[in-house]
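**Student:** The structure's right below; bear with me while I get my questions together.
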Ligand code: ADP
Ligand code: MG
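Below is the structure:
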């Protein structure tokens with residue numbers, strides 16, 4: 001076969017395979033865009049597990065009318081200008097692929113208004129018709145993105161969707177993770193017309209512990225240890241299950257690097273090692289936030305950005321281990337005295 005350049009639509013659909021796996025991944029990309037736009041309130045609405053409708057509304061900066069079409073095209077981003085920017089990334093987005101990918105596999109409507117515009121504008125893009133129309137609309141400052149009929153034009157992908165309930169569970173689980181990371185944001189989730197989650201902004205520690213309780217369960221929130229540790233340019237904060245608890249909380253393991261949830265074996269290893277001296281073999285629960293110089297970590301390892309690479313991984317591992325060990329030994333200092341009674 002002769003070599004030919006892929007038509008842009010097909011190229012987008014192929015790229016969509018990497019970012020848009022299921023409704024939860026659409027929501028992840030859209031909510032991260034809202035966060036990057038500085039939103040403080042994000043309302044999520046889904047119908048039929050997200051397959052019928054996903055609607056994300058935010059009160060962020062909005063997109064200027066003249067950029068609406070550009071935002072939908074591939075490799076268009078306002079977040080990275082040079083390779084230098086990529087070396088120290090703090091925004092969630094930077095690949096400029098999400099909106100292009102989502103619009104290539106759904107009917108997408110983007111409505112937006114910036115603070116200096118008197119009216120809002122709306123762009124429509126639909127599957128194979130990348131032709132985007134822009135029409136006036138009513139909307140407060142901020143953006144709403146609607147993705148309707150996900151995978152309507154890629155039947156093979158559509159068949160891979162699980163039941164509405166399963167897709168809802170994926171969405172709900174993802175929302176929990178982001179709600180733990182972004183205590184300052186008011187998130188709501190409406191499923192088939194009914195509000196099922198309402199995470200109000202947590203401005204105080206007590207309010208955050210309440211959010212922790214609704215996400216991780218009351219038992220965890222009421223007994224966990226508070227972690228707060230800083231060393232040079234590393235900062236670790238969050239919560240660790242109490243070493244006195246009888247069981248692990250293996251489904252409560254959340255680790256964030258500069259606000260981004262990642263799966264990292266290094267951390268799992270450090271937590272288990274810290275725990276081993278108190279309770280061997282249990283898989284402890286934790287919600288830990290690591291902050292470090294963004295130059296010290298590479299986030300562009302995986303298209304969905306689930307993984308990161310630390311430049312000094314040993315150093316990071318040992319810092320986490322020590323932070324946890326010292327928190328645990330302080331918390332268990334009271335134990336020997338009760339034994340003596
Ligand atoms: P990326 O997030 O990697 O830049 P996206 O395709 O997700 O790529 O978004 C493209 C661009 O559209 C963003 O860089 C941003 O400028 C704009 N954008 C997308 N969603 C929003 C939003 N909710 N509010 C403001 N701007 C947005
Ligand atoms: Mg994005």
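In UniProt numbering, the protein residues as written are 1 to 341. We put the beta carbon where it would ideally sit given N, CA and C, even for glycine. Owing to the predicted nature of the structure, the values given are computational and were not obtained by experimental measurement.
#1: Just the C-alpha distance for residue 163 and residue 238, rounded to the nearest angstrom, thanks.
#2: Just checking my contact of residue 328 with residue 236 at CB under 8 Å: how many whole Å lie between their CB atoms?
#3: To which residues of the same chain is residue 221 closer than 7 Å at the C-beta, ignoring the five residues directly before and after it?
#4: With DSSP as the reference, please indicate the residues paired to residue 151 in a beta bridge.
#5: Rounded to the nearest angstrom, what separates residue 60 and residue 250 at their Cα positions?
#6: Would you say the beta carbon of residue 33 is closer than 8 Å to some non-hydrogen atom of the ligand MG?
#7: Beta-carbon within less than 6 Å of residue 282's beta-carbon, same chain only, minus the 5 sequence neighbours each way: which residues are those?
#8: Taking the alpha-carbon positions, what's the residue 5 to residue 11 distance?
#9: How about the stretch 140 to 148 and the stretch 167 to 186: do they share at least three Cβ pairs that are nearer than 8 Å?
#10: Please state whether the Cβ-Cβ distance between residue 149 and residue 106 is less than 9 Å.
#11: Could you give the DSSP three-state label for residue 419: helix, strand or coil?
#12: Is it the case that the CB of residue 63 approaches a heavy atom of the ligand ADP more closely than 8 Å?
#13: Which residue from 65, 151, 91 puts its Cα closest to that of residue 113?
#14: By the DSSP assignment, the alpha helix (DSSP H) with residue 271 in it spans what residues?
#15: Please classify residue 139: does DSSP put it in a helix, a strand, or coil?
#16: Expressed to the nearest angstrom, what Euclidean distance is found between the alpha-carbon atoms of residue 230 and residue 296?
#17: Pull the bridge partners of residue 1 from the DSSP assignment, please.
#18: Measure the alpha-carbon distance for residue 62 versus residue 298 and round it to whole angstroms.
#19: Counting only the same chain and skipping the five closest in sequence on each side, list residues whose C-beta sits under 7 Å from that of residue 306.
#20: Compute the distance between the beta-carbons of residue 45 and residue 133, then report whether it is under 9 Å.
#21: Among 58, 272, 199, which has the Cα closest to the Cα of residue 42?
#22: Rank 76, 309, 277, 156 by C-alpha distance to the C-alpha of residue 325 and give the top, closest one.
#23: For the ligand MG, any of its heavy atoms closer than 8 Å to the Cβ of residue 68?
#24: Return the CA-CA distance between residue 187 and residue 34, expressed in angstroms with no decimal places.
#25: Cα-Cα, which of 266, 172, 287 is closest to residue 242?
#26: I'd like the span of the alpha helix (DSSP H) that includes residue 33, first residue to last.
#27: Bridge partners of residue 222, per DSSP?
#28: Which of helix, strand or coil does DSSP assign to residue 322?
#29: In three-state DSSP terms, what is residue 110?
#30: Could I get the ranges of all uninterrupted beta strand (DSSP E) runs contained in the stretch 163 to 194, with 3 residues as the minimum, in chain order?
#31: Give the C-beta separation of residue 110 and residue 98 to the nearest angstrom, bearing in mind that I take them to be a contact with Cβ-Cβ under 8 Å.
#32: Would you identify the three-state DSSP class for residue 340, choosing helix, strand or coil?
#33: So what's residue 335 in DSSP terms, helix, strand or just coil?
#34: When DSSP labels each residue in this structure, what does residue 238 get in the three-state scheme?
**Tutor:** The structure says:
#1: 34 Å
#2: Residue 328 to residue 236, Cβ: 13 Å. No contact.
#3: 209, 212, 213
#4: DSSP output for residue 151 lists no bridge partner at all.
#5: 35 Å
#6: yes
#7: 248
#8: 9 Å
#9: no
#10: yes
#11: The displayed coordinates of the chain run from 1 to 341. Any statement about residue 419 would go beyond what the structure contains.
#12: yes
#13: 65
#14: 265 to 276
#15: coil
#16: 16 Å
#17: DSSP, once it has assigned bridges, lists no residue as partnering residue 1.
#18: 28 Å
#19: 262, 263
#20: no
#21: 58
#22: 277
#23: no
#24: 11 Å
#25: 287
#26: 23 to 36
#27: According to DSSP, which records beta bridges pairwise, residue 222 is partnered with nothing at all.
#28: helix
#29: strand
#30: 186 to 191
#31: Contact flag wrong, Cβ pair sits at about 12 Å.
#32: Below a pLDDT of 50, predicted positions are generally treated as unreliable, and residue 340, at 41, falls in that range; the measurement from the model is reported next regardless. Residue 340 falls in the helix class under three-state DSSP.
#33: Low confidence applies to residue 335: its pLDDT is 44, below 50, so where it sits in the model is not reliable enough to give any reading.
#34: strand
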